[in-house]
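Colleague:
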Amino acid sequence: MRTPARPRPRLGAVALAGALALTGCAASPQSPESAPTPPAGVVVELQQLRSDVAGRQAQVHLENGGDAPLTVGEVRVEDARFDGPAIRVIAGRVSTVPPGGTVDIRVQLPPVDCTAPDDGGAHVVLELTGDAASTEVTASAADPLGFLAELHARECLLERVTDAAAVAFTGFEPSAPGAPAALELTVSPTGDGAVTIEGIGRTNLIDFAGATSEEVHALDIEVAEGDAEPIVVQIPIVPFRCDPHAVQEDKRGTIFDLAVELEGEPGSVELFVGEEMRGRILTWVAAWCGFGG
114 MRTPARPRPR LGAVALAGAL ALTGCAASPQ SPESAPTPPA GVVVELQQLR
164 SDVAGRQAQV HLENGGDAPL TVGEVRVEDA RFDGPAIRVI AGRVSTVPPG
214 GTVDIRVQLP PVDCTAPDDG GAHVVLELTG DAASTEVTAS AADPLGFLAE
264 LHARECLLER VTDAAAVAFT GFEPSAPGAP AALELTVSPT GDGAVTIEGI
314 GRTNLIDFAG ATSEEVHALD IEVAEGDAEP IVVQIPIVPF RCDPHAVQED
364 KRGTIFDLAV ELEGEPGSVE LFVGEEMRGR ILTWVAAWCG FGG
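The sequence shown begins at 114 in my numbering and counts up by one.
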């Protein structure tokens with residue numbers, strides 16, 4: 114229990130009283146199954162929008178189906194598949210949800226814990242605040258699209274890949290309209306394992322020069338155990354589309370899927386070009402397509 118540092122909107126008396134009655138005065142930790150729950154009618158889900166992917170963020174979607182407003186302070190998502198809780202991107206923010214209303218609270222996802230299985234579950238802990246009191250309630254959070262399991266599997270595969278070789282986009286050379294630009298990929302072996310980078314997939318914004326109907330551009334980069342010399346590849350790219358809103362509304366156009374083979378098993382990992390290079394690529398697409406400037 115803590116006293117807020119500044120006045121906050123009133124939490125419905127019935128909702129807060131019910132939550133406080135569940136908590137009592139005990140301060141000892143509780144399991145999610147025995148922890149106090151939100152007022153009746155409150156539904157919590159986890160979602161990840163396209164705009165959240167590059168920054169490894171997600172949304173806590175909260176629906177207030179109760180009769181009283183809710184004021185939500187701190188938020189954290191607890192899941193064994195991560196090495197810590199996911200917390201609000203903007204610390205200290207307070208969200209007030211009227212009856213019948215919804216709110217999406219963005220949280221920052223921590224690194225994955227690859228010792229945990231992919232099929233875990235998440236709980237969301239909400240700090241409900243009132244004029245003179247606050248309490249924490251815990252809700253089991255549905256993940257209707259299953260993005261957490263997919264993210265955990267994908268990032269744990271990437272962790273295994275990087276045990277054998279660090280993989281990164283290390284350069285970009287723009288081109289004049291009609292000519293392909295060069296996207297540089299560097300694979301730096303660690304000497305501790307083997308992996309094959311089979312190819313790179315097109316995005317909703319970027320295609321490959323001379324591409325056929327195949328969505329994957331072959332790379333065939335083989336790293337053997339004991340290798341140490343970096344492998345640098347220039348990938349010829351062209352815009353996949355030239356409508357202005359493709360650039361203006363871009364969310365995933367510079368996140369590429371790499372097809373890999375590790376220990377005889379195929380898989381796919383995501384690789385982002387980074388914010389600085391993303392800006393340069395979007396500027397190039399706009400100029401190449403004739404709507405930049």
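In this text, a Cβ means the ideal position worked out from N, Cα and C, and glycines have one as well.
Only a predicted model underlies this, so the values are computations on that prediction, with no experimental measurement involved.
Is there at least one non-hydrogen atom of the ligand FMN closer than 7 Å to the beta-carbon of Ala171?
Modeller: Among the components modelled here there is no ligand, and therefore nothing to report on the ligand FMN.
Colleague: Which whole runs of the alpha helix (DSSP H) in the segment 148-229 are 4 residues long or more, in chain order?
Modeller: Within the segment 148-229, the complete alpha helix (DSSP H) runs of at least 4 residues are 163-166.
Colleague: Between which two residues does the beta strand (DSSP E) harbouring Thr309 extend?
Modeller: Position 196 of the sequence shown, counted from the first residue, corresponds to residue 309. First-last of the beta strand (DSSP E) with Thr309: 308-314.
Colleague: May I have the straight-line CA-CA distance separating Phe321 from Val185, to the nearest angstrom?
Modeller: Locating residue 321 in the sequence shown gives position 208, counting from the first residue. Locating residue 185 in the sequence shown gives position 72, counting from the first residue. Near 47 Å, if we compare the C-alpha coordinates of Val185 and Phe321.
Colleague: Please return the same chain residues whose Cβ sits closer than 7 Å to the Cβ of Leu395, not counting the five positions on each side in sequence.
Modeller: Here residue 395 refers to the residue found at position 282 of the sequence shown. So the list reads Val360, Asp363, once near-sequence residues are dropped.
Colleague: Hey, how far is the Cα of Gly339 from the Cα of Thr303?
Modeller: Locating residue 339 in the sequence shown gives position 226, counting from the first residue. Locating residue 303 in the sequence shown gives position 190, counting from the first residue. Taking the straight line from one Cα to the other gives about 8 Å.
Colleague: Expressed to the nearest angstrom, what Euclidean distance is found between the alpha-carbon atoms of Ser141 and Val156?
Modeller: What you label residue 141 is simply residue 28 of the sequence shown in a count that begins at 1. What you label residue 156 is simply residue 43 of the sequence shown in a count that begins at 1. Because Ser141 sits at a pLDDT of 42, beneath the cut-off of 50, its placement in the model cannot be relied upon, and the following sentence gives the value as read from the coordinates. Spanning the two alpha carbons is a distance of roughly 26 Å.
Colleague: Between which two residues does the alpha helix (DSSP H) holding Leu98 run?
Modeller: Only positions 114 to 406 of the chain appear in this structure, which leaves residue 98 out of reach.
Colleague: If distances are taken between C-alpha atoms only, which option among Glu191, Leu175, Val398, Asp165 comes closest to Ala296?
Modeller: Numbered from its first residue, the sequence shown carries residue 296 at position 183. The identity of residue 296 in the sequence shown is Leu, whereas the question assumes Ala. It is Val398.
Colleague: Compute the beta-carbon to beta-carbon distance between Asp180 and Ala171, rounded to the nearest angstrom, for a pair I have assumed lies under 8 Å.
Modeller: Residue mapping note: residue 180 aligns to position 67 of the sequence shown, counting from 1. Residue mapping note: residue 171 aligns to position 58 of the sequence shown, counting from 1. Their Cβ separation, rounded to whole angstroms, is 29 Å, which puts Asp180 and Ala171 out of contact at 8 Å.
Colleague: Run through the segment 332-401 for me and flag every whole beta strand (DSSP E) of 3 or more residues, listed as ranges in chain order.
Modeller: If we require 3 residues or more, the beta strand (DSSP E) runs fully inside the segment 332-401 come out as 344-352, 368-375, 378-385.
Colleague: Could you check whether the segment 382-392 touches the segment 328-335, counting it as contact only if at least three pairs of C-beta atoms, one from each stretch, sit closer than 8 Å?
Modeller: As far as the Cβ criterion goes, the segment 382-392 does not touch the segment 328-335, which means the pair count is below three.
Colleague: Can you tell me which residues form a DSSP beta bridge with Leu296?
Modeller: As a working mapping, residue 296 is identified with position 183 in the sequence shown. The partner list for Leu296 (beta bridge, DSSP) reads Phe285, Ile348.
Colleague: Measure the C-alpha to C-alpha separation of Cys138 and Thr248 and round it to an integer number of angstroms.
Modeller: Looking up residue 138 in the sequence shown gives position 25. Looking up residue 248 in the sequence shown gives position 135. In this prediction, Cys138 has a pLDDT of 37, which is less than 50 and means its spatial position is unreliable; what the coordinates show is noted afterwards. Each residue's alpha carbon lies about 11 Å from the other.
Colleague: Give the straight-line distance between the Cα atoms of Ala307 and Val207, rounded to the nearest whole angstrom.
Modeller: Counting from 1 along the sequence shown, the entry for residue 307 is found at position 194. Counting from 1 along the sequence shown, the entry for residue 207 is found at position 94. When rounded, the distance between both Cα atoms is 48 Å.
Colleague: If you check the beta carbons only, do Ser301 and Ala278 fall under 8 Å apart?
Modeller: Locating residue 301 in the sequence shown gives position 188, counting from the first residue. Locating residue 278 in the sequence shown gives position 165, counting from the first residue. A contact, by the Cβ cut-off of 8 Å.
Colleague: Are the Cβ atoms of Ile200 and Arg189 separated by less than 8 Å?
Modeller: What you label residue 200 is simply residue 87 of the sequence shown in a count that begins at 1. What you label residue 189 is simply residue 76 of the sequence shown in a count that begins at 1. Yes, Cβ-Cβ distance for Ile200 and Arg189 is below 8 Å.
Colleague: Could you spell out the range, first to last residue, of the beta strand (DSSP E) harbouring Leu241?
Modeller: Start at 1 with the first residue of the sequence shown, and residue 241 comes out as number 128. Taken as a continuous stretch (DSSP letters only), the beta strand (DSSP E) holding Leu241 covers 235-242.
Colleague: Spatial neighbours of Pro257 within its chain, please: C-beta separation below 7 Å, excluding the five flanking residues on both sides.
Modeller: Here residue 257 is taken as the residue at index 144 of the sequence shown, counted from 1. Taken in chain order, the residues that qualify are Glu158.
Colleague: Taking all protein chains shown into account, do 16 or more other C-beta atoms lie within 10 angstroms of the C-beta of His265, making it buried, or fewer, making it exposed?
Modeller: Position 152 of the sequence shown holds residue 265. Per the 10 Å Cβ criterion, buried.
Colleague: With distances taken Cα to Cα, identify the nearest neighbour of Pro357 among Glu191, Phe404, Glu383.
Modeller: Numbered from 1 along the sequence shown, position 244 holds the residue referred to as residue 357. For Pro357, the nearest C-alpha among the options comes from Phe404.
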